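In order, the protein sequence lines correspond to chains A and B. Going by our numbering, the final residue of the first sequence carries number 115, and the count climbs one at a time with no gaps. Going by our numbering, the final residue of the second sequence carries number 122, and the count climbs one at a time with no gaps. Beta carbons: idealized from backbone N, C-alpha and C, even for Gly. Since we're looking at a predicted model, the values are computed, not measured.
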Amino acid sequence: GQQVKQSSPSLTVQEGGISILNCDYENDMFDYFAWYKKYPDNSPTLLISVRSNVDKREDGRLTVFLNKSGKHFSLHITASQPEDTAVYLCAAGLNQGGSAKLIFGEGTKLTVSS
Amino acid sequence: EAAVTQSPRSKVAVTGGKVTLSCHQTNNHDYMYWYRQDTGHGLRLIHYSYVADSTEKGDIPDGYKASRPSQENFSLILELASLSQTAVYFCASSEGLGASAETLYFGSGTRLTVL
């Protein structure tokens, strides 16, 4: 089964609004959670990440919320802008001896309309 | 700037043929990975390596081999290409140590079409 799942394949948000992207995971041993951004025909790039010892991390317009009991994490993008339009991939993993064997979700295509 | 470069950028192969995808990194990273991207599946790990001359199976290794002849180079080999292996393939590297141990740096991808 899918260990990391993004239930929404797409999301449309008005410019200036808050984009909320969700991700669920199955393995409660995961200790690292990340969001990657991918433009069409480009490679994924890391947006923000958290380890399991924190519930929240902010970086500018981005905030990651981690709910370990619910095995769920989310990405909030405030003041959404058209350039935020992209595919967002969540990823989770367990650091075993340094290996970043991340498991990715299917991706959510965010469209910010002006 | 750290970089992961893949070659070729795209390739058309025939069913049953041999395909080799190459990846080169200048990050001085120990870890390298091969992922494939398919619609509806996100990125799935095929093989990875944490040291030269050694490779490990990922989540979907069947039909693929990997080779890590040096720290900088990591190849993905399809001995007998099949239609189901049509996908975009991404190579990535990571430090494996430190505060950013898990951050993956991806190449631009190789679009493989098997006919």
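Note down, in chain order, every chain A residue with its Cβ under 8 Å from the Cβ of Y71 of chain B.
Correct list: empty, because the minimum Cβ distance to chain A is about 16 Å.
Beta-bridge partners of T13 of chain A, as assigned by DSSP:
For T13 of chain A, which the question treats as bridged, DSSP gives the partners A:T112.
Per-residue burial, K64 of chain B [other beta carbons within 10 Å of its own, 16 or more giving buried]
Result: exposed.
Cβ-based contacts, 7 Å cut-off: residues of the region 67-91 of chain A near chain C:
As a matter of chain content, chain C is missing from the structure shown, whose protein chains are A and B.
According to DSSP, simplified to helix, strand and coil, what is S44 of chain A?
Coil, per DSSP.
Taking 9 Å as the cut-off, decide whether the C-beta atoms of V5 of chain A and C24 of chain A are in contact.
Yes; because the gap between Cβ atoms is below 9 Å, this pair is in contact.
Count the other C-beta atoms from every protein chain shown that fall within 10 angstroms of the C-beta of K39 of chain A, then say buried if there are 16 or more, exposed otherwise.
Counting Cβ neighbours within 10 Å, K39 of chain A comes out buried, since at least 16 surround it.
So, at 8 Å on beta carbons, what are the nonlocal neighbours of K102 of chain A in its own chain, with the 5 sequence-adjacent residues on each side left out?
Excluding residues within five positions, the ones whose Cβ falls inside 8 Å are G94 and L95.
Report, in whole angstroms, the separation of the C-beta atoms of L90 of chain A and P41 of chain A, which I expect to be a contact under 8 Å.
With a Cβ gap of about 13 Å, L90 of chain A and P41 of chain A do not count as contacting.
Where K25 of chain B and E86 of chain B are concerned, what is the direct C-alpha to C-alpha distance, given to the nearest angstrom?
K25 of chain B and E86 of chain B have their C-alpha atoms spaced approximately 5 Å apart.
Can you list, in chain order, the residues of the region 93-116 of chain B whose Cβ is nearer than 7 Å to any Cβ on chain A?
Cβ contacts with chain A: F97, S101, G103, L104, A108, E109, T110, L111, F113, G114, S115 and G116.
Can you round the beta-carbon distance between G114 of chain B and T12 of chain B to whole angstroms, since I take them to be within the 8 Å contact cut?
Confirmed, Cβ separation roughly 6 Å.
With DSSP collapsed to three states, give me the class of E63 of chain B.
In the structure shown, the three-state DSSP call for E63 of chain B is strand.
Out of curiosity, what's the CA-to-CA distance linking F105 of chain A and A92 of chain A?
Taking the straight line joining both Cα atoms gives about 4 Å.
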